[in-house]
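Numbering (the numbering used here), first residue to last: 150 to 232. Don't be surprised by glycine CBs; every beta carbon is placed ideally from N, CA and C. What follows is a short report on a single structure.
Structural data, given as structure tokens:
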């Protein structure tokens, strides 16, 4: 399949020199590079967010029906973070 890829001039120049030196083509170098990049992505473990929850019993009594702004004011009081 044909496609168009924009490559910086210095990179293309280096690829042409490498292809000439190795007796291959720029196309073969690009395909090889894509295979390596895709293989690396397959082998990389999926990101897993660590459990950063804290022990507790949920909201304070009476806080169940508060709005987000009221909860923030309760948490921060007069400190930064309250509106």
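{"Check": "Between 224, 190, 201, which lies nearest to residue 208 when the distance is taken from Cα to Cα?", "Outcome": "224"}
{"Check": "With DSSP collapsed to three states, give me the class of residue 159.", "Outcome": "helix"}
{"Check": "Indicate the three-state DSSP secondary structure (helix, strand or coil) for residue 239 in the structure shown.", "Outcome": "Lying before the first or after the last residue shown, residue 239 is absent from the chain, which here runs from 150 to 232."}
{"Check": "Return the CA-CA distance between residue 184 and residue 198, expressed in angstroms with no decimal places.", "Outcome": "28 Å"}
{"Check": "According to DSSP, simplified to helix, strand and coil, what is residue 189?", "Outcome": "helix"}
{"Check": "Please report the straight-line C-alpha distance between residue 180 and residue 201, rounded to a whole angstrom.", "Outcome": "42 Å"}
{"Check": "What whole-angstrom Cβ distance do residue 175 and residue 164 have, given they're in contact under 8 Å?", "Outcome": "5 Å"}
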